[in-house]
Amino acid sequence: MNIVLKARQMGVTTWVAGQYFLKTVTRRGALTVQVAHTREAAESIFGVAQRMWENLPAALREGPLVRSRANVGQMVFPQLDSEFRVVSAADGNAGRGLTIQNLHLSEVSRWPGDAMATLAGLRAALAPGGEMTIESTPSGAYGAFYDEWQRAEETETVRHFFPWWMEPAYVAEPASDLRPEEVELMQQHGLSAAQIGYRRGLERSFRGLREQEFAEDAMSCFKASGECCFEIEAIEQRLRAVPAPVETRRGGALQIWLPALRGKEYLVAVDTAGGGSDGDYAAIQVIELAFGLQCAELRERLGTLELARVAAMLAKEFGGATIAVERNNHGAGVLAYLDGVEHYANVYGQDGVAGWLTSSGSKPRMISRMGALLADQPELFHSRRLLEECRTFVTGAAGKMGAANGSHDDCLMAMAVAQAVRADGLGRR
0 MNIVLKARQM GVTTWVAGQY FLKTVTRRGA LTVQVAHTRE AAESIFGVAQ
50 RMWENLPAAL REGPLVRSRA NVGQMVFPQL DSEFRVVSAA DGNAGRGLTI
100 QNLHLSEVSR WPGDAMATLA GLRAALAPGG EMTIESTPSG AYGAFYDEWQ
150 RAEETETVRH FFPWWMEPAY VAEPASDLRP EEVELMQQHG LSAAQIGYRR
200 GLERSFRGLR EQEFAEDAMS CFKASGECCF EIEAIEQRLR AVPAPVETRR
250 GGALQIWLPA LRGKEYLVAV DTAGGGSDGD YAAIQVIELA FGLQCAELRE
300 RLGTLELARV AAMLAKEFGG ATIAVERNNH GAGVLAYLDG VEHYANVYGQ
350 DGVAGWLTSS GSKPRMISRM GALLADQPEL FHSRRLLEEC RTFVTGAAGK
400 MGAANGSHDD CLMAMAVAQA VRADGLGRR
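Put into structure tokens, the structure is as follows:
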């Protein structure tokens, strides 16, 4: 298996399409699937394969490589029992039910929806001994492509990095009055003044996105393209050091690192969800109040009644802890169950109203506080799930903060509520 990190317009997609098309038409029983990030990109890739077939000698096109089906996205060669297919990652069922010999995944960093789930389904469809190539320009230090690049060694995937200067056409008017970093770049990589001139043009055209769109090294291109709200390096350093939980329950959904101690005060923070097998996760964070240390975490798809029951159970286990429920959306239902069914009285409130309200005014402060804690006191956090959510929590269009496509932020928001309530002095209704 291969993974390719590249600058824009390097011809990698066309090259892989050519290689896999050749394997499709020279082997019996071969199924090749190429997955693009949009339907338009899928049609463009298919156009490449179409031109390759059209430029074959007529004797081949009308003989062993005659097609029984040829539409936008599919070529079938019945005499070989082979097929070349191009699909969009927007189709969450792409590849399901197939046995694929050649799999090309294009621009994975820009796949919509739950890219990790789509990738997992496609990988499961790859036949034993099949070949897979993942390629993309970077788009932040998070998401499916970033994870695949980081995990390449453990998955026995070969990394390939193609910086922009490997494309011979990327030259312009030779630069003069070279800056020190330009001289260093020329010396390190044997670049010409004409390539530096092209680089200056990229700086004028792309500004802060130059390092993302026209990558120069396999580390800074991810960081430059990232819109993560937190310090990536601090998160990744902590991820390398997080301890395993001392106890797990509920099939691993509930993880405990620091069991309750007599004389300690605790807070149980709840981020609610709609529940159901396909809904968002509900999350609970248990922290020790004196220092804000994470003690336990639950992430599970639960309805409001069951979530209230589990929150009350944990609060009782941790010495009658205060429960702080984010009252947005389904939070009102959890609060009602805590009061009317669980009869749990130690509930946090604001201005006489039970629960914590996350608003356009309070959310930036909550995230800012989490950012400071992650940078200055990362040892407070023990959960790999939480830290991975922090890594994929980004600033999007119009400055809106939230989980990147295909990611979650339930554990993060529960912890943000916990730390905000702690900083608030743990007021009660």
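Be aware that the sequence shown starts at 0, since it is given in numbering that gives the first Met the number 0, and climbs by one per residue.
Beta carbons: idealized from backbone N, C-alpha and C, even for Gly.
For residue i, three-class secondary structure by DSSP
i, result
"residue 218", "coil"
"residue 389", "helix"
"residue 103", "strand"
"residue 87", "strand"
"residue 52", "helix"
"residue 458", "Limits of the chain in this structure are 0 at one end and 428 at the other, which puts residue 458 out of reach."
"residue 243", "coil"
"residue 378", "helix"
"residue 235", "helix"
For residue j and residue i, believed in contact at Cβ under 8 Å, the rounded distance
i, j, result
"residue 341", "residue 308", "6 Å"
"residue 83", "residue 31", "5 Å"
"residue 287", "residue 315", "Not quite, the Cβ-Cβ distance comes to about 16 Å (not below 8 Å), so this is no contact."
"residue 241", "residue 347", "Wrong, their Cβ atoms sit about 27 Å apart, outside the cutoff."
"residue 429", "residue 285", "Residue coverage of the chain in this structure runs from 0 to 428, which leaves residue 429 outside it and unanswerable."
Sequence-distant residues of the same chain with beta carbon closer than 8 Å to residue i, five excluded per side
i, result
"residue 64", "24, 52, 55, 76, 78 and 79"
"residue 333", "269, 271, 303, 306, 307, 310 and 324"
"residue 196", "170, 171, 172, 173 and 174"
"residue 46", "none"
Residue i: first and last residue of the uninterrupted alpha helix (DSSP H) it sits in
i, result
"residue 340", "From DSSP, residue 340 is part of no alpha helix (DSSP H); its letter is neither H nor E."
"residue 121", "114–124"
"residue 373", "361–375"
"residue 69", "That residue, residue 69, is in no alpha helix (DSSP H); its beta strand (DSSP E) goes 68–70."
"residue 315", "303–316"
"residue 401", "It is not in any alpha helix (DSSP H) - residue 401 instead sits in the beta strand (DSSP E) that spans 400–402."
"residue 194", "192–205"
Bounding residues of the beta strand (DSSP E) (the contiguous stretch that carries residue i)
i, result
"residue 160", "157–161"
"residue 393", "392–394"
"residue 19", "No beta strand (DSSP E) contains residue 19, which is instead part of the alpha helix (DSSP H) from 11–24."
"residue 410", "Segment 409–422 is the alpha helix (DSSP H) holding residue 410; no beta strand (DSSP E) there."
"residue 74", "73–76"
"residue 430", "Nothing can be reported for residue 430, as the shown portion of the chain is limited to 0 through 428."
"residue 296", "292–299"
Nearest-angstrom Cα separation, counted from residue j out to residue i
i, j, result
"residue 214", "residue 40", "21 Å"
"residue 62", "residue 103", "27 Å"
"residue 205", "residue 193", "18 Å"
"residue 430", "residue 390", "Outside the shown range of the chain, which is 0 to 428, sits residue 430, and nothing can be said about it."
"residue 274", "residue 238", "Residue placement at residue 274 cannot be trusted, given a pLDDT of 49 that sits under 50; the coordinates are not used to answer."
"residue 330", "residue 416", "13 Å"
"residue 159", "residue 281", "39 Å"
"residue 387", "residue 68", "44 Å"
"residue 243", "residue 256", "7 Å"
"residue 125", "residue 202", "41 Å"
"residue 361", "residue 141", "25 Å"
Beta-carbon contacts of residue i that lie in its chain and below 7 Å, excluding the five residues immediately before and after
i, result
"residue 394", "226, 228 and 400"
"residue 336", "303, 304 and 307"
Sequence-distant residues of its chain with Cβ nearer than 6 Å to residue i (five each side left out)
i, result
"residue 81", "23 and 29"
"residue 8", "none"
"residue 93", "34 and 86"
"residue 152", "none"
"residue 156", "0 and 2"
"residue 426", "Unreliable positioning characterises residue 426 in this predicted model, as indicated by a pLDDT of 44, which lies under 50. The coordinate reading is nonetheless provided below. Counting only Cβ-Cβ distances below 6 Å, and skipping sequence neighbours, we find nothing."
"residue 370", "229"
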